[in-house]
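As structure tokens, the structure follows; a few thoughts come after it.
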Amino acid sequence: MENVKEWHTDKIIDRTAKALRARQFDVLSFKKREDVVRALLQQVVPGMTVGIGGSVGLRDIGLPDLLKGKGVVLLDTWQEGLTSQEVLDLRLRHLTCDLFLSGINALTEKGEIVNMDGIGNRIGAISFGPGKVILVAGVNKIVPDVESALQRIKRVAAPMNARRMGLPLPCAESGHCHDCQSDMRICRVLSIMERRPSTTDIAIYLVAEELGY
Ligand code: SF4
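In terms of the numbering used here, the sequence shown is residues 209 to 421.
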């Protein structure tokens, strides 16, 4: 019997990949998280500097530890024990690293990539600077249009990230956005990539599984 869920997911991935390519992004699609891990590791060579943006999905697939085993210079702001100055230095180095890896908050079936940052460092690094950028997204990040992407960020991604970080924000309690005026607000810088930034080598790796939030 046909696996209808798999068929439906494949259709979503296929039309999103086609739309992204029409907007000049390189796109690869993968069935399983193991497949995307293998492909990511094939992109690195010993000694290269690899930055990782704040992404639950990339941590879920165990990427930081796997990269350490590849002899790269890993620029990971989620390492334990870093001072705030060390985190800042790593974020600055992300802007000029050889390879920057990040998740995506939401992407549309029309090929637009939508991200919201509190600081803006991730949006900066995926837009301009690194030698290469690879953005990894599970099928759960794909939505029909920009309006849905913004809703996804405010209803799902931001509240869950606020909760994960233990921030005293209303969304971290209620699970949805209150358009807060808090000094701790994490929704500050919005990026909608309508096309591949003209001088940046960006590939999008789509996975037919749920990854991160
Ligand atoms: S604007 Fe404030 S309440 Fe809304 S999702 Fe962002 S941090 Fe949470």
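Note that the Cβ used here is the ideal one computed from N, Cα and C, for glycine as well.
| Query | Result |
| --- | --- |
| Pair within 8 angstroms by beta-carbon distance, Val341 and Ile350 | no |
| Of the residues Pro352, Pro378, Gly346 and Gly383, the one placed nearest Asp391, counting alpha carbons only | Pro378 |
| Near the ligand GDP: Lys213 beta-carbon under 7 angstroms from a heavy atom | The ligand GDP is not part of the structure shown, which contains the ligand SF4 as its ligands. |
| Spatial neighbours of Lys276 in its chain, beta-carbon cut-off 7 angstroms, leaving aside the 5 residues before and after | Leu282 |
| 8 angstroms Cβ cutoff met for Ala345 and Leu307 | no |
| Best match in Thr224, Phe238 and Val264 for proximity to Gln232 [C-alpha to C-alpha] | Thr224 |
| Sheet register partners of Lys340 (DSSP bridge) | Leu307 |
| Beta-carbon gap between Leu290 and Val245 smaller than 8 angstroms | no |
| C-alpha distance - Arg301 paired with Pro405, whole-angstrom precision | 20 angstroms |
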